[in-house]
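Below: one structure, written as structure tokens.
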Amino acid sequence: MTQKRDKGIGILDSGVGGLSVLRHIRELMPNEDLLYFADQAHVPYGPRPAAEIIEFSAQITQFLLAEGSKMIVVACNTASAAALHHLRQDYPQVPFIGMEPAVKPGSRQTQEGKIGVLATAGTFGSPRYANLMARYAQGLVAYEDPCPGLVQQIEAGHLEDEKTKDILQKALSPMLAAGVDTLVLGCTHYPFVLPLIRQISGPDVAIIDPAPAVARQVLRVLRDRRLEQRGSVTGALYAFTTGDADRLQILSQQLLDLTFPTSALVWSQSRLQPA
Ligand code: DGL
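Heads up: the sequence shown begins at 150 in this note's numbering, then just goes up one per residue.
Written out as structure tokens, the structure is:
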């Protein structure tokens with residue numbers, strides 16, 4: 150399919166959301182090869198049953214490992230909530246980095262004891278999230294909203310149109326009226342609408358995107374396991390999508406000002422095949 154590499158970092162998401170994590174990994178570790186996988190045939194993951202997401206994530210992981218990934222970053226809160234535990238069990242030798250809504254940093258940040266969490270229905274409904282809240286949100290009031298339709302708007306590149314604004318207004322207005330002073334972005338797509346969120350929230354609300362911390366964690370784990378890429382040669386970027394490769398290239402240009410060689414794949418009987 151593509152030339153086989155041995156040392157890339159595999160990064161997966163339902164769509165372009167994980168690019169908000171990739172950009173921080175790239176910034177911190179510009180010499181690493183990055184292999185990005187967008188499962189755009191199945192986006193959004195948010196409303197899907199956990200069993201489906203586990204199956205997709207397992208196939209994508211297998212593909213990224215076969216393409217030469219030395220580590221897998223599950224750059225998707227929904228897939229981490231559903232599948233991370235299973236992936237770690239299935240591939241005990243592979244380092245995995247997952248995502249979760251930054252409720253712990255949010256609980257430290259809030260002055261009023263009121264936080265807003267924006268994440269998908271799949272993340273909110275997961276045992277992993279319930280656990281997180283039980284550990285770090287004691288004594289806090291948490292306002293949650295799954296922002297229906299927001300992921301699709303971002304996938305369409307509509308970062309600032311009226312519909313996107315409406316979705317965010319509906320989610321944020323009740324939280325802000327209730328006195329929330331800290332917002333946690335618990336879906337990797339949402340940092341791409343940060344300017345709109347900021348416009349609605351005003352300057353005094355803290356907004357937490359966990360991606361920079363995730364990138365630092367990636368570096369720590371690579372160092373601990375001596376998997377870090379040495380030297381200063383800039384790493385290559387590759388992308389794979391189960392959607393439209395041209396469209397992903399256009400979107401990555403719009404979102405990150407980066408374009409990378411992109412291959413299309415198709416799902417055939419629950420397996421990934423070249424398109
Ligand atoms: N970007 C993903 C997340 O962090 C998933 C969004 C979706 O596909 O619903 O949760």
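Using N, Cα and C, we set each Cβ at its ideal position, and we do this for glycine too. These numbers were taken from a predicted model, which means no experiment stands behind them.
#1: In angstroms with no decimal places, state the Cα-to-Cα distance between Q208 and H338.
#2: If the criterion is Cβ atoms closer than 7 Å, does the pair G157 and V266 meet it?
#3: Apply the 10 Å Cβ neighbour rule to S275 and answer buried if 16 or more other Cβ atoms are within range, or exposed otherwise.
#4: Would you kindly check if the distance between the Cβ of L289 and the Cβ of R264 is under 7 Å?
#5: Measuring straight from C-alpha to C-alpha, what distance separates M220 and T259?
#6: Could you tell me if the beta carbon of Y194 falls within a distance shorter than 6 Å of some heavy atom in the ligand DGL?
#7: Is the distance from the Cβ of V363 to the Cβ of P244 below 7 Å?
#8: Measuring CA to CA, which of S350, L400 and P359 is closest to A268?
#9: Given the structure, does C296 come close to the ligand ZN, in the sense that its CB is under 6 Å from one of the ligand's heavy atoms?
#10: When you measure from the CB of V222 to every non-hydrogen atom of the ligand DGL, does any distance come out below 6 Å?
#11: Bridge partners for K263 per DSSP, in chain order?
#12: Using the three-state DSSP reduction, which class does M248 fall into: helix, strand or coil?
#13: Output the distance between the C-alpha atoms of A231 and I246, rounded to the nearest integer angstrom.
#14: Could you tell me the distance, in whole angstroms, from the CA atom of P179 to the CA atom of L397?
#15: Count the other C-beta atoms from every protein chain shown that fall within 10 angstroms of the C-beta of R175, then say buried if there are 16 or more, exposed otherwise.
#16: Would you decide whether Q238 is buried or exposed? Buried here means 16 or more other CB atoms lie within 10 Å of its CB.
#17: Counting C-beta neighbours from all protein chains within 10 Å, is the total for D162 16 or more, i.e. buried, or is it exposed?
#18: Can you name, in chain order, every residue of its own chain whose Cβ lies under 7 Å from the Cβ of F341, other than the five neighbours on each side?
#19: Under 8 Å by Cβ, that's how I've got I357 and A251 pegged, so tell me the actual separation to the nearest angstrom.
Based on what the coordinates show:
#1: Rounded to whole angstroms, Q208 to H338 spans 22 Å at the Cα level.
#2: No, Cβ-Cβ distance for G157 and V266 is not below 7 Å.
#3: If you draw a 10 Å sphere on the C-beta of S275, you find 16 or more other C-beta atoms in it, and that means buried.
#4: Note on identity: in this sequence residue 264 is Ile, with Arg being the wrong assignment. Yes, these two residues count as a Cβ contact at 7 Å.
#5: The C-alpha of T259 is placed about 34 Å away from the C-alpha of M220.
#6: Flag set: Cβ of Y194 near the ligand DGL.
#7: No, they are not a contact pair.
#8: Answer by Cα proximity: P359.
#9: In terms of ligand content, the structure shown lacks the ligand ZN and carries the ligand DGL instead.
#10: Relative to the ligand DGL, the beta carbon of V222 is positioned no closer than 6 Å to any heavy atom.
#11: Note: K263 sits in a beta bridge opposite V290.
#12: Reduced to three states, the DSSP call for M248 is coil.
#13: Here the alpha carbon of A231 sits roughly 14 Å from the alpha carbon of I246.
#14: Straight-line spacing of the CA atoms in P179 and L397 works out to 21 Å.
#15: Buried is the call here.
#16: Q238 is exposed by the Cβ-count criterion.
#17: Taking all protein chains in view, the Cβ of D162 is crowded by 16 or more other Cβ atoms within 10 Å, so the residue is classified as buried.
#18: The answer, listed in chain order, is S169, I303, L308 and L404.
#19: Right, the Cβ-Cβ distance comes to about 5 Å (below 8 Å), so this counts as a contact.
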